[in-house]
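Chains as they are written, first to last, in the numbering used here: chain Y, 4 to 212; chain X, 389 to 504.
Dropping the structure here:
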């Protein structure tokens, strides 16, 4: 099939820069599965903070996990957000999974807003949560094994998710370069078609400048 | 349409949650708030199945915002009911932004005549 015909209508089309389709299910499903693992770990810690379970399992640092989950910092966050911080983390990981599942296998072109929302949930929030977990050793003075596991998962999710976000941002950048129109970029962001967006997407698929 | 189904399931949870989180105070008020919110969510989610009102699910964002605000304005420590409102509001906020036909390209792209 000629590249032009393939790029115009097919959904599962590789992007030249990566050599694969960053919105393909084989790229997104592992992200969703890993995010759900982190979600269940965070829910487990939230259940301890709600006192639905009497203890928090930690095979490495022993009682330090409880010290972290019951720390002043944790209580202060609960005072701000009205729910345990682990529940907030669980919500963020569930967001990764839900936003990872939503959209077609060409959503980087057809719904850039969804990819960028997914990217905001995964990348900045993931990095911030990982930094906060590492800082807990210095601020709280205790380490939490399950928090460290979720921090590692966050960083893996960042690595797995960046390609799709990159392609969507590059699409918007190319539309801007072609039109210098904020309105066209804005419409492309929200998934509205235009000649410039179609051409930019084709360039990304074919790897032309 | 899976997102709309999840919204209806959350509306059902909200409708029965006064039974789960029984409180001595303000039981009638709690029932009224939760049933009204659940009814609105269910109506908006169901309306999204009808093509002329396919974007009705976006109105659920307002309902979820109200639920979150109600929970956040509660006195500290928050009751289980308040925390339930915040969590259900957050979940609805997440689900309500997902388009009904998310796994297909938008209709405007499907009908767009791409340049050759």
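Positions of the beta carbon are idealized from the N, C-alpha and C atoms, including for glycine.
Cα atoms of residue 460 of chain X and residue 474 of chain X: separation of roughly 7 Å, rounded to the nearest angstrom. Annotation: the region 113–178 of chain Y contains the following complete segments of the alpha helix (DSSP H) (minimum length 4 residues), in chain order: 115–142. Short of 6 Å from the beta carbon of residue 77 of chain Y, and not among the five residues preceding or following it, lie these beta carbons of its own chain, in chain order: 88.
Counting only the Cα atoms, residue 66 of chain Y lies some 32 Å from residue 162 of chain Y. Exposed is the label assigned to residue 29 of chain Y, since fewer than 16 other Cβ atoms lie within 10 Å of its Cβ. Across the structure, residue 38 of chain Y and residue 95 of chain Y are spaced so that their CA atoms are roughly 9 Å apart. Counting other Cβ atoms within 10 Å of its Cβ, residue 56 of chain Y stays below 16 and is therefore classed as exposed. If you check each beta-carbon in the region 471–500 of chain X against every beta-carbon of chain Y, the ones closer than 8 Å belong to 471, 474, 475, 478, 479, 482, 483, 485, 486, 487, 490, 491, 492, 493, 494, 496, 497, 500.
Under the three-state reduction of DSSP output, residue 96 of chain Y falls in the helix class. Per DSSP, reduced to three states, the secondary structure at residue 18 of chain Y is strand. The region 420–461 of chain X contains no complete beta strand (DSSP E) run of 3 or more residues. At the C-beta level, residue 448 of chain X and residue 394 of chain X stay beyond 8 Å of one another. Shortest Cα-Cα distance from residue 141 of chain Y to any of Y:27, Y:74, Y:19, Y:50 involves Y:74. Assigned with DSSP and collapsed to three states, residue 47 of chain Y falls in helix. Judged by their CB atoms, residue 103 of chain Y and residue 31 of chain Y are nearer to each other than the 8 Å cut-off.
Here the region 178–188 of chain Y makes no contact with the region 118–136 of chain Y; the two share fewer than three CB pairs at distances below 8 Å. Inter-segment contact for the region 463–479 of chain X and the region 154–171 of chain Y is absent: fewer than three beta-carbon pairs are separated by less than 8 Å. Comparing alpha-carbon positions, the option among Y:24, Y:47, Y:36 lying closest to residue 148 of chain Y turns out to be Y:47. Straight across, the Cα-Cα distance linking residue 159 of chain Y with residue 110 of chain Y is about 21 Å. The beta carbons of residue 49 of chain Y and residue 108 of chain Y sit no closer together than 8 Å.
If you look at residue 470 of chain X, you'll find it in the alpha helix (DSSP H) that goes 468–484. Beta-bridge annotation (DSSP): residue 23 of chain Y is paired with Y:18.
Contacts with chain Y (Cβ-Cβ distance below 7 Å) from the region 435–465 of chain X involve 459, 460, 462, 464, listed in chain order.
With the rule of 3 Cβ pairs closer than 8 Å, the region 184–196 of chain Y counts as touching the region 482–497 of chain X. Here residue 59 of chain Y carries a coil assignment [DSSP, helix/strand/coil]. DSSP places residue 77 of chain Y within a helical segment (H, G or I) once states are collapsed to three. The beta carbons of residue 478 of chain X and residue 456 of chain X sit about 6 Å from each other, so the pair counts as a contact at 8 Å.
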